[in-house]
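Numbering of the sequence shown is given in the numbering used here, commencing with residue 11 and proceeding in unit increments.
Structure record follows, encoded as structure tokens.
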Amino acid sequence: MIEIDELRRLRRLEIDTPVTLVIEEDQLQGHCSDLSGKGMALILGRAVDPGTRVMVKLEGGMENLPPFVAEAMVVRCDPADKGFVVGVSFEI
Numbered sequence: 011m012i013e014i015d016e017l018r019r020l021r022r023l024e025i026d027t028p029v030t031l032v033i034e035e036d037q038l039q040g041h042c043s044d045l046s047g048k049g050m051a052l053i054l055g056r057a058v059d060p061g062t063r064v065m066v067k068l069e070g071g072m073e074n075l076p077p078f079v080a081e082a083m084v085v086r087c088d089p090a091d092k093g094f095v096v097g098v099s100f101e102i
């Protein structure tokens, strides 16, 4: 099992791209601010409780590139200047 300190060392890609977060039948629009092999940080307009299972959909941005879709779990949610920073961990 990977320890928390090891996860922090994984390379993160800083991006600013639209993302859709699906919680059951609800869809939230936001932006992905960083992406790694284990999860991503999202900027959303409302809080999402840690422990919530979600589906994330990151649009490809290129014509023939399909969107990235993954099941994830919310691991943190912190207030920010423009809404909330929501950290999700991919369910692999």
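The C-beta atom is built at its ideal place from N, Cα and C for all residues, glycine as well.
Any contact of the region 76–93 with the region 55–62, i.e. 3+ C-beta pairs under 8 Å?
yes
Around the Cβ of L23, are there at least 16 other Cβ atoms within 10 angstroms (buried) or fewer (exposed)?
Here the question's residue 23 lines up with position 13 in the sequence shown. L23 comes out exposed.
Taking only three categories from DSSP, how would you classify S46?
As a first step, residue 46 is located in the sequence shown; it is residue number 36 there, counting from the start. Coil, per DSSP.
Within its chain, find whatever has a CB closer than 6 Å to the CB of G40; leave out the 5 residues flanking it on each side and keep chain order.
Your numbering for residue 40 matches position 30 in the sequence shown. Closer than 6 Å at Cβ, skipping near neighbours: V29, L52, I53, L54.
Mapping DSSP to helix, strand and coil, what is A90?
Taking the sequence shown and counting its residues from 1, one reaches residue 90 at position 80. Secondary structure of A90 (DSSP, three-state): strand.
What did DSSP end up calling V95 once you bin it into helix, strand or coil?
Here residue 95 is taken as the residue at index 85 of the sequence shown, counted from 1. Three-state result, V95: strand.
Inspect the beta-carbon positions of L68 and P77 and report whether they are closer than 8 Å.
Mapped onto the sequence shown, residue 68 falls at position 58. Mapped onto the sequence shown, residue 77 falls at position 67. Yes. Within cutoff.
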